[in-house]
Amino acid sequence: MNNGIYIFLDPFHRKDSGVSTYTILSAKILEDNLINTLIIKLKHNETIESFRLRALLEITKIKQTILCIEAPESLASTSLLPSDYPIHIRLHCSRSLGAFVQGEEYNPKEVEREQKEILRAKYVSSPSWAAYFVSLSLFKFYSIPLCYPNPAPPYQKRKIEPRKHDLIFVGRLHKLKGTGYLNKLIEGLPNISFGVVAPISKEWGNAKHNNVTYYDGINLEKKSIYELADIVIVPSIFETSSMVILEALSYGCKVITWEHLGASEYTNEKNLIKIQPENVKNFTNAINFACKAPNPISVDVINHINANFLEGIKKLINGKSITYPLLIKPNTEIELYLRNLVINSGKKMNKQTNSPLVRKTKKFFNNPKAFFKDSVGIKLLTNKKTNTKGPELSLSARVSETDKEQLNSLEKMVLPTSSLVITEQNEKRKLYCSIHNSGRIEFPAPPGKPKGYVTSFLYSKEEDQNVVDDILTGMANFIDFSYINKDRLLVGDFEVSSEESTLSIINRIDFKNKTNFSMINFIFLLNAPTSLCEALRSIGTEQRVILIQTNDNIDVSLQSIDALITNQCIKENTSAARRIIHLESLLNIPQAVRRIIQENGVKSPDMLLALNPEVEIFNKEDFINFDYKNYDGILKINKSENKRFTTMLDFYSNFSTEIVGIAMKESAYMRYKSLCEDIEHGASTQKLIEMCLTDGMIFDVKEI
Amino acid sequence: MSKKYKIAHISQTPLVAAPSKIAYAQRLAGHSSVAIALKDYPSTLQGMFVEDFLIENEFTKPLIEKAIYSADIIHIHNDIPPEWAKRLLETNQRAKYVYQVHSPLREGPLYVPRHQSIDLPFVLKFVVGQFQPRIHVDHIVVPNIFLDIPSIEPRKEGEKLRVMFSPTHRRPGRWNNKHTDELDSAVNALVALGKIEIVMPENPVSPKILMSARRTCHVSIDEIATGGFHQVSIEGLAAGNISINKADYFSKRVFSNFSSGIMPPFLYADGSTISSVLNRLADNVDETVKRQYESFEYFKTHLTPIKMAGIFDEAYESI
Chain A
1 MNNGIYIFLD PFHRKDSGVS TYTILSAKIL EDNLINTLII KLKHNETIES FRLRALLEIT
61 KIKQTILCIE APESLASTSL LPSDYPIHIR LHCSRSLGAF VQGEEYNPKE VEREQKEILR
121 AKYVSSPSWA AYFVSLSLFK FYSIPLCYPN PAPPYQKRKI EPRKHDLIFV GRLHKLKGTG
181 YLNKLIEGLP NISFGVVAPI SKEWGNAKHN NVTYYDGINL EKKSIYELAD IVIVPSIFET
241 SSMVILEALS YGCKVITWEH LGASEYTNEK NLIKIQPENV KNFTNAINFA CKAPNPISVD
301 VINHINANFL EGIKKLINGK SITYPLLIKP NTEIELYLRN LVINSGKKMN KQTNSPLVRK
361 TKKFFNNPKA FFKDSVGIKL LTNKKTNTKG PELSLSARVS ETDKEQLNSL EKMVLPTSSL
421 VITEQNEKRK LYCSIHNSGR IEFPAPPGKP KGYVTSFLYS KEEDQNVVDD ILTGMANFID
481 FSYINKDRLL VGDFEVSSEE STLSIINRID FKNKTNFSMI NFIFLLNAPT SLCEALRSIG
541 TEQRVILIQT NDNIDVSLQS IDALITNQCI KENTSAARRI IHLESLLNIP QAVRRIIQEN
601 GVKSPDMLLA LNPEVEIFNK EDFINFDYKN YDGILKINKS ENKRFTTMLD FYSNFSTEIV
661 GIAMKESAYM RYKSLCEDIE HGASTQKLIE MCLTDGMIFD VKEI
Chain B
705 MSKKYKIAHI SQTPLVAAPS KIAYAQRLAG HSSVAIALKD YPSTLQGMFV EDFLIENEFT
765 KPLIEKAIYS ADIIHIHNDI PPEWAKRLLE TNQRAKYVYQ VHSPLREGPL YVPRHQSIDL
825 PFVLKFVVGQ FQPRIHVDHI VVPNIFLDIP SIEPRKEGEK LRVMFSPTHR RPGRWNNKHT
885 DELDSAVNAL VALGKIEIVM PENPVSPKIL MSARRTCHVS IDEIATGGFH QVSIEGLAAG
945 NISINKADYF SKRVFSNFSS GIMPPFLYAD GSTISSVLNR LADNVDETVK RQYESFEYFK
1005 THLTPIKMAG IFDEAYESI
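Chains A and B, in that order, give the protein sequences.
In this text, residue positions in the first sequence follow the numbering used here: the first is 1, and each later residue adds one.
In this text, residue positions in the second sequence follow the numbering used here: the first is 705, and each later residue adds one.
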């Protein structure tokens, strides 16, 4: 018995939510064991923000000792609670993780918020090893969570009687729940009667098979559901635990599922038949076999699971030692399968979005003009018109059957003649923009912003075209790095006098074109004058301007660029360079460009790195308590009197002498890599601080 | 006693009255100082900030000519057109020309420091001492001046927390983006729970009316998005409000340059803490009152117009 209260937060509070069912069952078991509980659940029409606030308000009113405040990581419902509360995060599989597992996009902000809760929680637990292994793909953990099972509903005695179906599937008709496998099983077992118990959805209309009957799961009692058949199949792609498995067992059903799902770790009894992941043939055989065998009584299985759940809670809040494992840890093969599950899904996602069919279909609907303009047929037509010296090939000899159809329909369309006339130069390099020495400067909106970064390469009109060709060809040769290949790189040229002022260039760009330009993430300028670099860097706050200098006559202002790639000796003091890459050969320009993009890419997780880590200024607490959302780094300074200063340069000069330690997020470190490396080799911190603050970085300054 | 100057402040627009407030404070300190704006703001802001400016018309033209001609110091704010630079030089080549920047770099409307493109022989460059100095690193840091008489309305037992707060829209820019989703939802939730009362006029009102309303409040919320702070925070101090913002160490450290090294008593909040901060204040009258007095005393002790004018004096005297 414990004097105190165990609080659950339920940010879902839905009848069909696994977390809500878990919460109710857990509270019941704890109450039965004389532990007071309170469930704070989401109200109807309440937003998650209001729920977080209400949770804080209700908890602050509690006078009893709080044993634990348990919540799922999903939706970060504990985020407003001060860290001195005993927060317990249980890994029920967040929505983001669910999306990630299915190869869908997830919300990085949500992940960041959930990550913060995981890292600051006093307790972290997991309903299975599987949940932990898969969570590792999105989250960091300071230590391995305590793994103990989710509780099962109380055992219900089962009558032996004829059933409506041989087996049932219970759950949403969703990819994550294994609908792909379900369809294969239905098709592979035409003589087996399937009951599908799911919320009403449009998928019901797809019931083509005679061996399937659909039931509205929302309006059926649990008892009625599990009396439909003796066997329940759970073919989900992934489950941290699976409430359906626990319910099925408690109603005396036999369950067939994958070996890698969380609940498979709960028992080795025959009530739960575990199949090697993705082996549909074995799954089919197991169903055939199970249909012929009687159901074992599952009361001991349920009691065992619930006893282990309670032991887990006691260990958590009392630190009670346990000499036996509360779960069956998956073997190495399953562990690897789980760890790769998300990676494979990510690859599938990329494959799906990158497939030519998907891309072309999207392009057809989003931008039909560009679709036809870029199609194989029109390119061949264009070649035919412009390349008069080339061999006259028949179109039909050069296009596939699919393209022929496209071409036939294309020939029927009336396209403006101008769109067919593409000069050889433009065909060779489709110029995104051209900056002249007078008149308005225009940047078209990047064509259908692709996922990831938008990169632009601008070169002087006077530049040796062979050099430009070599650089562009080199950049296009990275098979594994598409941001700078021909399809994605926005190539442009410029002719700007070095006499023209920055302000004059800025004044030639109107608001719309500034907005278009600010959609570009990286702008590489080959031998551009300082004024152009400065102007392009000034018209937005986020884009990175990188100067490639191969010409000694080009002046460089390191303040005006984010990075410099050069094969020249730098006249300006390089201590102001945020990032500088010295080239041994011009052939290395493409590699340097790639490196800059990779260094400045999004870092996830964006770890805090201490400069000069051998000097132990930062301790574990600094890293745990660091506010990753609001700061880019930590500065530790000696406490001293705040003296008057006249300019910030004056201030930085004194301030840098007070700094005893700097830690920066990896993203910030990489942005100022050259400056950081200088410091690590003993240089003053003054320039780094100046550049960081100029660029708007925010530091958590701690006086010691 | 320091030297007394004749000073002419010149700006294209009223710049929310910042130049005229400097001129007023300088007159309080014994200087002869006048503010000249080339034009007023258009539309809704028209007339709101120009009461202490000279804007050129038939009547004011000779006054402006005289002010320029006799000035010892001509203090240019942000930018002026080339024809005005020419006019100033033709009228007065004896004066010392000083430039002051108010707007941040890489944000509209002033993108790059313009002092180099204004054809005047500037001998000093000033920058407003909030977040801007970290961008204009070689400019002398000077304060925005506040002419308000400090006052306080301490919260009473049983009185609901009165909060002055103005929702903002997203704008592009590092320092211009003042919007935080969490702030809006926290305020809405606390109002719905009956824990706080929001004070904000629905339509634009004059700065004086806004200040009168602020004086009846206990809390002023500035933005909690950027790490900087704005006029709202200082006005909050003057009105004996707790000024809530997300100002970082450097923003406050720069401001402490005007207050003998004492950091301003802002209350820090970010998106994840704003609701708990407001909730705590709503529940705790003693803390509210204590912090209200800290704001009031800070303003009263350090931010009086004459003290602020003294900072400009020091800079002028270095010429």
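Even for Gly, the Cβ is constructed at its ideal location relative to N, Cα and C.
- Rounded to the nearest whole angstrom, the C-alpha separation of glutamate 269 of chain A and arginine 158 of chain A is 18 angstroms.
- Listed in chain order, the non-local C-beta contacts of leucine 189 of chain A below 8 angstroms within the same chain comprise Asn211, Thr284, Ile287 and Asn288, local neighbours out to five positions each way being set aside.
- Per the DSSP secondary-structure output, tyrosine 214 of chain A pairs in a beta bridge with A/Val196.
- Nearest CB-CB separation between threonine 647 of chain A and chain B: below the 7 angstroms threshold.
- Close to glutamate 886 of chain B, with beta-carbon spacing below 9 angstroms, are these residues of chain A in chain order: Glu49.
- Contact check for leucine 38 of chain A against isoleucine 7 of chain A passes: the beta carbons are separated by less than 7 angstroms.
- Under the three-state reduction of DSSP, threonine 240 of chain A is assigned to coil, being neither helix nor strand.
- Listed as beta-bridge partners of phenylalanine 8 of chain A by DSSP are A/Ile39 and A/Glu70.
- Restricting attention to A/Lys673, A/Ile29, A/Asn654 and A/Ser74, the CA atom closest to the CA of isoleucine 313 of chain A is found in A/Ile29.
- A direct Cα-Cα distance of roughly 22 angstroms separates valine 232 of chain A from leucine 327 of chain A.
- For the region 785-797 of chain B, the set of residues with a beta-carbon nearer than 9 angstroms to any beta-carbon of chain A is empty.
- Under the DSSP assignment, phenylalanine 522 of chain A falls in the beta strand (DSSP E) whose first and last residues are 522-526.
- Residues of chain B with a Cβ closer than 7 angstroms to the Cβ of leucine 693 of chain A are, in chain order, Arg838 and Phe954.
- For valine 701 of chain A, a Cβ of chain B is located within less than 7 angstroms of the residue's own Cβ.
- Counting every other CB atom within 10 Å of its CB across the protein chains shown gives leucine 828 of chain B a total of 16 or more, marking it as buried.
- Aspartate 678 of chain A carries a helical assignment under DSSP once its states are collapsed to helix, strand and coil.
- Leucine 53 of chain A belongs to the set of residues whose beta carbon lies under 7 angstroms from a beta carbon in chain B.
- Nothing from the region 430-457 of chain A brings a Cβ to less than 8 angstroms from some Cβ of chain B.
- Taking 7 angstroms as the CB threshold, isoleucine 7 of chain A stays off the interface with chain B.
- Glycine 682 of chain A sits exposed, since fewer than 16 C-beta atoms from the chains shown fall within 10 Å of its C-beta.
- At the C-beta level, proline 858 of chain B and valine 993 of chain B come within 7 angstroms of one another.
- By the neighbour-count criterion, in which 16 or more other beta carbons inside 10 Å mark a residue as buried, serine 26 of chain A falls on the buried side.
- Among the residues facing chain A, valine 841 of chain B is included, as its CB has a counterpart in that chain under 7 angstroms away.
- When Cβ-Cβ separations below 7 angstroms define contact, arginine 644 of chain A makes contact with chain B.
- In this structure, the beta-carbon distance from glutamate 666 of chain A to leucine 609 of chain A falls below 7 angstroms.
- Counting only residues of its own chain and dropping the five nearest sequence neighbours on each side, threonine 748 of chain B has a CB closer than 6 angstroms to the CB of Pro908.
- Contact check for phenylalanine 169 of chain A and valine 134 of chain A: beta-carbon distance about 22 angstroms, past the 8 angstroms limit, so the pair fails to qualify.
- The beta carbon of alanine 99 of chain A is closer than 6 angstroms to those of Tyr106 in its chain, skipping five residues each way along the sequence.
- Between the alpha carbons of serine 538 of chain A and serine 17 of chain A lies a distance of about 50 angstroms.
- Under the DSSP assignment, valine 958 of chain B falls in the alpha helix (DSSP H) whose first and last residues are 953-959.
- What aspartate 974 of chain B touches in chain A, judged by beta-carbon distance under 9 angstroms, is Asp627, Lys629 and Asn630, going in chain order.
- Assignment of alanine 739 of chain B by DSSP, reduced to helix, strand and coil, places it in the strand class.
- Serine 674 of chain A has its alpha-carbon roughly 45 angstroms from the corresponding atom of glutamate 1001 of chain B.
- Under the 7 angstroms criterion on CB atoms, isoleucine 698 of chain A is classed as interfacial with respect to chain B.
- DSSP lists A/Phe522 as the beta-bridge partner residues of arginine 544 of chain A.
- DSSP places leucine 246 of chain A within a helical segment (H, G or I) once states are collapsed to three.
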